[in-house]
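Chemist: Quick note: to get our numbering, add 8 to the position in the sequence shown (first position is 1).
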Amino acid sequence: MIFEGMRVGVLPGDFTISADESGAADARLILSTAYNVLPIWLRIASDNLKAAKNASDSIGQKWGLDEGANRELLIAELESSLQVFVACGIALDALYDQLRPYAKISEEELERWRKNQTSRAAQIAEVARRVFRLNNELSTAFKRNISGIIKMRDDAVHPSLKLRNACTRPDIPVGVDWKFVAYRYSNSRTCFESTMQMLIYLYENKCGEPCVDEQLENVFKALLELGVVQLTSPAATSNSPIRGQVKFPHLRRRDGWMVTRCRRASQLAPRLRAVASSCPRTSADARGASAGRAAVSR
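1. Contact between the stretch 59-76 and the stretch 33-40 is defined here as three or more beta-carbon pairs at a separation below 8 Å; is this criterion met?
2. Assuming leucine 86 contacts phenylalanine 188 (C-beta within less than 8 Å), just tell me the rounded distance between them.
3. Take alanine 282 and list the residues in its own chain whose beta-carbon comes closer than 6 Å to its own, dropping the five residues that flank it on each side.
4. Would you report the Cα separation of lysine 214 and leucine 19, rounded to the nearest angstrom?
5. Report yes or no: do three or more beta-carbon pairs, one from the stretch 49-60 and one from the stretch 89-101, lie closer than 8 Å?
6. For the pair the stretch 115-122 and the stretch 176-193, tell me if three or more CB-CB distances fall below 8 Å.
7. Exposed or buried, which one is cysteine 219 when buried takes at least 16 other CB atoms within 10 Å?
8. Would you tell me roughly how many angstroms separate the C-alpha atoms of alanine 230 and tyrosine 211, rounded to the nearest one?
9. Within 10 angstroms of its Cβ, does leucine 39 collect 16 or more other Cβ (buried), or is it exposed?
10. Looking only at C-alpha atoms, which of Leu146, Gly156 and Arg172 sits nearest to arginine 128?
11. Would the beta-carbon of tyrosine 43 fall within 9 Å of that of phenylalanine 11?
12. Grab me the residues of serine 26's own chain with a C-beta within less than 6 Å of its C-beta, minus the 5 sequence neighbours each way, in chain order.
13. Go ahead and label arginine 261 buried or exposed: buried means 16 or more other beta carbons lie within 10 angstroms of its beta carbon, across all protein chains shown.
14. Quick check: the Cα distance between lysine 70 and leucine 81, rounded to an integer number of angstroms?
15. In the DSSP assignment, find the beta strand (DSSP E) that holds aspartate 185 and state where it starts and stops.
16. What residues in its chain sit with their C-beta under 8 Å from that of glycine 21, if we drop five residues either side in the sequence?
17. Could you check if isoleucine 154 is buried or exposed, using at least 16 other CB atoms within 10 Å of its CB as the buried criterion?
18. Are serine 196 and asparagine 56 closer than 9 Å when you measure CB to CB?
19. Specify, as a first and last residue, the run of the alpha helix (DSSP H) that phenylalanine 23 falls within.
20. Taking only the alpha-carbon atoms, compute the straight-line gap between arginine 206 and valine 135 and give it to the nearest angstrom.
21. Check whether the Cβ atoms of glycine 17 and threonine 41 sit closer than 9 Å, and answer yes or no.
22. From the DSSP output, in three-state form, read off serine 168 for me.
23. What did DSSP end up calling threonine 198 once you bin it into helix, strand or coil?
24. Beta carbon of tyrosine 191, beta carbon of leucine 107: below 9 Å?
25. Is the distance from the Cβ of proline 47 to the Cβ of valine 236 below 9 Å?
26. Could you give the first and the last residue of the continuous beta strand (DSSP E) run that contains alanine 32?
27. Apart from the five residues on each side of it in sequence, which residues of its chain come closer than 8 Å, Cβ to Cβ, to phenylalanine 150?
28. State the start and end residues of the unbroken beta strand (DSSP E) segment that holds alanine 42.
29. Please classify arginine 122: does DSSP put it in a helix, a strand, or coil?
30. In whole angstroms, what separates the C-alpha of phenylalanine 228 from that of glycine 13?
31. How many angstroms separate the CA atom of alanine 59 from the CA atom of isoleucine 83?
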């Protein structure tokens, strides 16, 4: 079975034609494929973002005096938001692996990265910069976005049990663990939006390397088939499926989710940001939870 965006070909030796003793011809063909799962991770992020939105709405609508029910409301939002960050982080990792062969990185540079323990985020950003020849402003914007997403992904995948001050959030009257502040719907939405904006920028601004441009073309063909994006511009063609505006179908227009062609670094400015100031201290009514620093805020 063939899917949109899948590479299909025949490996050496997998197509043979022979003849038996009677002279009858016999042909054998083994088809080989390569399915890029990068779009799948983006669909996982998209699906969980929708679930996080529903969970966030439920917190505002159903928060009450039942502490057990309130805990379930928070866990539902956390569970979905965590998966958005993890899926987007994996998608960026996949992008790195697909761009790296064309980044002209020497073995000496790779060894230097290992020796200096260069962060994964910095490696991903550097590969994108080299392949797409990003200017300083764009390179900085990409690095900030990628660093924020990868850090949150790593904190989700490798969680620390170190004690940290609890935090408050504006939609509930109690103090909570910092993860319920950092991994909430508004931040997972920003994570997904930032990831998609960077990919759309790379798609719209071809690098000139045929293999890379074809890979990104296939990524967006797959995203269309998976229902992650929808076209709103009639200018699209079969050869260039994404043109003009790209709509994320499961989010309503009032949420501000309409991504257009990205031409300026300011459009890629990261919205995940660390908060330096402390949250105001909670009272005894907040079950004794003292408010600390919100790791990420929108």
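Positions of the beta carbon are idealized from the N, C-alpha and C atoms, including for glycine.
Because the structure is a prediction, the values reported are computed rather than measured.
Modeler: According to the data block:
1. At 8 Å Cβ cutoff, the stretches do not touch.
2. So it is a contact: roughly 6 Å between Cβ atoms.
3. Low local confidence applies: a pLDDT of 35 at alanine 282 is under 50, so the model's placement there is unreliable, and no value is given.
4. The straight-line gap separating the alpha-carbon atoms of lysine 214 and leucine 19 is approximately 28 Å.
5. yes
6. At 8 Å Cβ cutoff, the stretches do not touch.
7. exposed
8. 13 Å
9. exposed
10. Looking at the Cα atoms, Gly156 is the closest of the given residues.
11. yes
12. Asp34
13. The predicted model places arginine 261 with a pLDDT of 31, which falls under 50 and marks its position as unreliable; any figure quoted below should be read in that light. The Cβ neighbour count for arginine 261, taken over all protein chains shown within 10 Å, is under 16; the residue is labelled exposed.
14. 8 Å
15. Segment: none, aspartate 185 is in no beta strand (DSSP E) and carries neither H nor E.
16. none
17. buried
18. yes
19. No alpha helix (DSSP H) contains phenylalanine 23, which is instead part of the beta strand (DSSP E) from 23-27.
20. It is methionine, not arginine, that sits at residue 206 in the sequence shown. Distance between the alpha carbons of methionine 206 and valine 135: 13 Å.
21. Yes, Cβ-Cβ distance for glycine 17 and threonine 41 is below 9 Å.
22. coil
23. helix
24. Cβ distance not < 9 Å, so tyrosine 191 and leucine 107 don't count as in contact.
25. yes
26. Note, alanine 32: premise wrong, no beta strand (DSSP E); not H, not E.
27. Ala133, Ala136, Arg137, Leu142, Met206 and Leu276
28. Note, alanine 42: beta strand (DSSP E), 40-42.
29. helix
30. 8 Å
31. Looking at the two C-alpha atoms, the distance is approximately 12 Å.
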